[in-house]
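> Supplied in structure tokens, the structure appears directly below.
Residue numbers (this note's numbering): 7 to 116.
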């Protein structure tokens, strides 16, 4: 069974079985400190995780956003509320660089 893990300050945290992720869709995961992460798998099998809280609205909704990529191939998620796009590798808002969410390193382990 392959597990998806996020790198937190105190080590790796198992989020879910990789088979539970549907390519192109996100899931919300509760972290040990009470924060939420939005976890995504793309159609190539790459896994990404960012903070689930939309900094523009304060709502925990980024896991329900739409995945896409820039013309340069950078993967992003668009918030389902105001459609701001967040880079899945860096957490930077592509529409307002003054805003960002935390991005987590991910890994798959057996």
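Beta carbons: idealized from backbone N, C-alpha and C, even for Gly.
These figures come from a predicted structure and were not determined experimentally.
Among 100, 44, 66, which has the Cα closest to the Cα of residue 79?
For residue 79, the nearest C-alpha among the options comes from 100.
> Going by the beta-carbon positions, is the gap between residue 107 and residue 32 smaller than 8 Å?
Not a contact, by the Cβ cut-off of 8 Å.
> Output the distance between the C-alpha atoms of residue 9 and residue 89, rounded to the nearest integer angstrom.
When rounded, the distance between both Cα atoms is 30 Å.
> How far does the beta strand (DSSP E) with residue 85 in it extend, from its first residue to its last?
From DSSP, residue 85 is part of no beta strand (DSSP E); its letter is neither H nor E.
> Run through DSSP, which three-state label would residue 70 get?
Residue 70 falls in the helix class under three-state DSSP.
> Going along the chain, which residues of its own chain have a beta-carbon closer than 7 Å to the beta-carbon of residue 87, five neighbours each way excluded?
Taken in chain order, the residues that qualify are 60, 63, 65, 67.
> For residue 48, which residues from the same chain have a beta carbon less than 8 Å from its beta carbon, with the 5 sequence-adjacent residues on both sides left out?
Taken in chain order, the residues that qualify are 29, 30, 54, 73, 81.
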